[in-house]
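A.B. asks: Just so we're aligned, residue 1 is where the sequence shown starts under the UniProt record's numbering, counting upward by one.
By construction, the Cβ of each residue, glycine as well, lies at the ideal position given by its N, Cα and C atoms.
Predicted, not measured: the structure shown is a model, and the values here were computed from it.
One structure, as structure tokens, below. Some questions next.
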Amino acid sequence: MAKIKGAIVVDTERCKGCNLCVVACPLDVIALNKEVNMKGYNYAWQVKEDTCNGCSSCAMVCPDGCISVYKVKVE
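Next comes the structure, spelled out in structure tokens:
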């Protein structure tokens, strides 16, 4: 049976660091970066590369639509 591996891409310049995606992620894949974007916000990023399962919880709660979720079937 094939497994699904997920990955997220965050539009770091649009992210305002609201932390909703971090709380919504069931696998603790996302965290706020210590660096800031051009607007001065700590932005979200994927800290665990191989843990994401592509559930899209983070993208659903993002109020600004900054997160894109991709799923890949792994044999």
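Restricting to Cα atoms, I'd like to know which of 15, 27, 21 and 46 is closest to residue 40.
C.D. replies: Here residue 40 refers to the residue found at position 40 of the sequence shown. The option with the nearest alpha carbon to residue 40 is 15.
A.B. asks: Alpha carbon to alpha carbon, how far is residue 31 from residue 25? Give it in angstroms, no decimals.
C.D. replies: Within the sequence shown, residue 25 is the residue found at index 25, counting from 1. Within the sequence shown, residue 31 is the residue found at index 31, counting from 1. If you take the alpha carbons of residue 25 and residue 31, they lie about 10 Å apart.
A.B. asks: For residue 68 and residue 19, what's the separation of their Cα atoms in angstroms?
C.D. replies: Here residue 68 is taken as the residue at index 68 of the sequence shown, counted from 1. Here residue 19 is taken as the residue at index 19 of the sequence shown, counted from 1. C-alpha separation (whole angstroms): 16 Å.
A.B. asks: For residue 17, tell me which candidate among 75, 73 and 65 has the shortest Cα-Cα distance.
C.D. replies: The residue you call residue 17 lines up with position 17 of the sequence shown. Residue 65 is the option with its Cα nearest to residue 17.
A.B. asks: Curious, which full-length alpha helix (DSSP H) runs of at least 4 residues does the stretch 16 to 49 contain?
C.D. replies: Runs found: 20 to 24.
A.B. asks: By the three-class DSSP mapping on this structure, what secondary structure does residue 2 have?
C.D. replies: Within the sequence shown, numbered from 1, the residue matching residue 2 stands at position 2. Looking at residue 2 - three-state DSSP - the assignment turns out to be coil, as it is neither helix nor strand.
A.B. asks: When burial is assigned at 16 or more other CB atoms within 10 Å of the CB, is residue 70 buried or exposed?
C.D. replies: Indexing the sequence shown from 1 puts residue 70 at position 70. Exposed is the call here.
A.B. asks: Select from 48, 2 and 75 the residue whose C-alpha is nearest the C-alpha of residue 27.
C.D. replies: In the sequence shown, residue 27 corresponds to position 27, counting from 1. The residue with the shortest Cα to Cα distance from residue 27 is 48.
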